[in-house]
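Colleague: Per this note's numbering, residue 1 is the first one in the sequence shown, and the count goes up by one each step. Below: one structure in structure tokens.
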Amino acid sequence: MSTTQNIQEFKGDSWEACSAFIRSIRAAAWKEGKLRDVEWMADLASVFLADKALVWHSRLPTDVQEDWSKLQAAMIDRWSLISDKVKEELSSTPAAPRAEPSEKTTTSVPAAPLNGILKVVAEGSGAVYYVETPLNKDTCVLTDDTRRAFKWTDGPKYSWLGVHWNESSPSIGYGSASYAYLSVFNFEKGTSSRNNTNPFQISTCSVSPSGEVSLTWKKGETQIPLAICVAFPNIYIVADSEAYSKSNTQAKAA
1 MSTTQNIQEF
11 KGDSWEACSA
21 FIRSIRAAAW
31 KEGKLRDVEW
41 MADLASVFLA
51 DKALVWHSRL
61 PTDVQEDWSK
71 LQAAMIDRWS
81 LISDKVKEEL
91 SSTPAAPRAE
101 PSEKTTTSVP
111 AAPLNGILKV
121 VAEGSGAVYY
131 VETPLNKDTC
141 VLTDDTRRAF
151 KWTDGPKYSW
161 LGVHWNESSP
171 SIGYGSASYA
181 YLSVFNFEKG
191 TSSRNNTNPF
201 QISTCSVSPS
211 GEVSLTWKKG
221 ETQIPLAICV
231 AFPNIYIVAD
241 SEAYSKSNTQ
251 AKAA
């Protein structure tokens, strides 16, 4: 009898479905003697993902996709009812005179800094934009002119992009309509160009072999995948593009 016959595909519809899916993967692994084989369990789980969950999974860093312990933690962060917990953690943090990175460890210079420009393609219309260096603005916007695009450069003396939330206690998870802006992070000063005390981090991302960039929000040891929505010339960083698009009908996933 197949150990996978009781595994129902997970579409990303609810925490109840997610919880049942996690238990079914664990049960299948136990029956096969693979409960300590995190790669086998991650591969098994990937076969039964569909719809929103499949799209979400495709944007995860490779190390999360291939390690069940990391994938399970990411699923729980994404679909469990964590918004109240996140709000409690954020509200318990004393207000600082200036905005501080939510995770100070993210301010270190990457071993191999990226170079180039960021292209954004809107779903549906296929419109192509580029992230523009903000001039006299506190957030990045979009342009269709590559000459005005933000250019990633080497060296710690340069600025980097940051993710800066629009509210003091954002809900970062499935079903959330919270959104953040791309700001410029001043590495030397440790400040964001938005200049308020809402949560922000220096941007953390993974780059696929094809050049696709996926942003994440770091919470402890877990990286929560983020999505992008656009309403030209504005760009929004969101936890759930479908939920955000319902609250801002002008915005399209990218």
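All C-beta atoms in this analysis are idealised placements derived from N, C-alpha and C, irrespective of residue type, glycine included.
Taking only three categories from DSSP, how would you classify I76?
Modeller: Note: I76 maps to helix in three-state DSSP.
Colleague: Grab me the residues of L142's own chain with a C-beta within less than 8 Å of its C-beta, minus the 5 sequence neighbours each way, in chain order.
Modeller: Closer than 8 Å at the Cβ level, and outside the excluded window around L142, lie V120, Y129, Y130, V131, E132, V230, F232, P233, N234, I235.
Colleague: Considering Y236, what are the terminal residues of the alpha helix (DSSP H) in which it resides?
Modeller: Counting along the chain, Y236 falls outside any alpha helix (DSSP H), though it belongs to the beta strand (DSSP E) covering 234-238.
Colleague: Check whether the segment 180-200 touches the segment 34-49, counting contact only when three or more Cβ pairs, one atom from each stretch, lie closer than 8 Å.
Modeller: No, the segment 180-200 does not touch the segment 34-49.
Colleague: Do Y179 and D240 have their C-beta atoms within less than 7 Å of each other?
Modeller: No, Cβ-Cβ distance for Y179 and D240 is not below 7 Å.
Colleague: Could you compute how far the alpha carbon of A254 sits from the alpha carbon of S208?
Modeller: In a straight line, the C-alpha of A254 is about 16 Å away from that of S208.
Colleague: A53 by DSSP, collapsed to three states: which one?
Modeller: Helix at A53.
Colleague: Let me make sure I understand the geometry here. Which of G220, W79, W68, S125 has the alpha-carbon closest to that of S171?
Modeller: That would be W79, whose Cα lies nearest to the Cα of S171.
Colleague: How about Q72 and I22: do their beta carbons lie closer than 7 Å?
Modeller: Cβ distance < 7 Å, so Q72 and I22 count as in contact.
Colleague: Along the alpha helix (DSSP H) that carries Y244, what are the first and last residues, could you check?
Modeller: Run containing Y244: 241-247, per the alpha helix (DSSP H) assignment.
Colleague: Which whole-angstrom value describes the C-beta separation of F200 and S183, a residue pair presumed to lie in contact below a C-beta threshold of 8 Å?
Modeller: Going by Cβ atoms, the distance from F200 to S183 rounds to 7 Å, so yes, they are a contact pair.
Colleague: Can you name, in chain order, every residue of its own chain whose Cβ lies under 7 Å from the Cβ of S192, other than the five neighbours on each side?
Modeller: Here the set comprises A99, G162, H164, S183, F185, F200.
Colleague: From V238 to N6, what distance separates their C-alpha atoms?
Modeller: Looking at the two C-alpha atoms, the distance is approximately 34 Å.
Colleague: How many angstroms separate the CA atom of I117 from the CA atom of T62?
Modeller: Those two C-alpha atoms are separated by around 22 Å.
Colleague: Report back the beta-carbon spacing between A122 and K252 to the nearest angstrom; my notes put them in contact at under 8 Å.
Modeller: Contact flag correct, Cβ pair sits at about 5 Å.
Colleague: Taking just the CA atoms, how far does D67 sit from A29?
Modeller: Near 14 Å, if we compare the C-alpha coordinates of D67 and A29.
Colleague: Could you tell me which whole beta strand (DSSP E) segments of length 3 or greater appear in the segment 172-234?
Modeller: Taking only runs of at least 3 residues, the beta strand (DSSP E) segments lying wholly in the segment 172-234 are 179-186, 200-202, 204-207, 213-219, 222-225, 227-231.
Colleague: Should K189 be labelled buried (16 or more other beta-carbon atoms within 10 Å of its own) or exposed?
Modeller: Exposed is the call here.
Colleague: Kindly identify the DSSP beta-bridge partner or partners of L142.
Modeller: V131.
Colleague: For G162, write down the residues that DSSP places opposite it in a beta bridge.
Modeller: Beta-bridge pairing links G162 to S183, I202.
Colleague: Can you tell me where the beta strand (DSSP E) with K137 in it begins and where it stops?
Modeller: Unbroken run through K137: none, as it is neither H nor E.
Colleague: Rounded to whole angstroms, what's the CA-CA distance from G126 to D144? Just pull it up for me.
Modeller: Approximately 13 Å between the Cα atoms of the pair.
Colleague: With a cut-off of 8 Å on the beta carbons, I'd call K31 and M41 a contact; round off their distance for me.
Modeller: Actually they are not in contact, since the Cβ atoms of K31 and M41 sit about 12 Å apart, beyond 8 Å.
Colleague: When you compare the CB positions of D77 and I202, do they come within less than 7 Å of one another, or not?
Modeller: Not a contact, by the Cβ cut-off of 7 Å.
Colleague: Within the same chain, show all residues whose beta-carbon is closer than 7 Å to that of A53, passing over the 5 residues directly before and after it, in chain order.
Modeller: For A53, where only same-chain residues beyond five positions count, the Cβ hits under 7 Å are F10, K11, G12.
Colleague: DSSP on A253, reduced to helix/strand/coil?
Modeller: DSSP places A253 in strand when its eight states are reduced to three.
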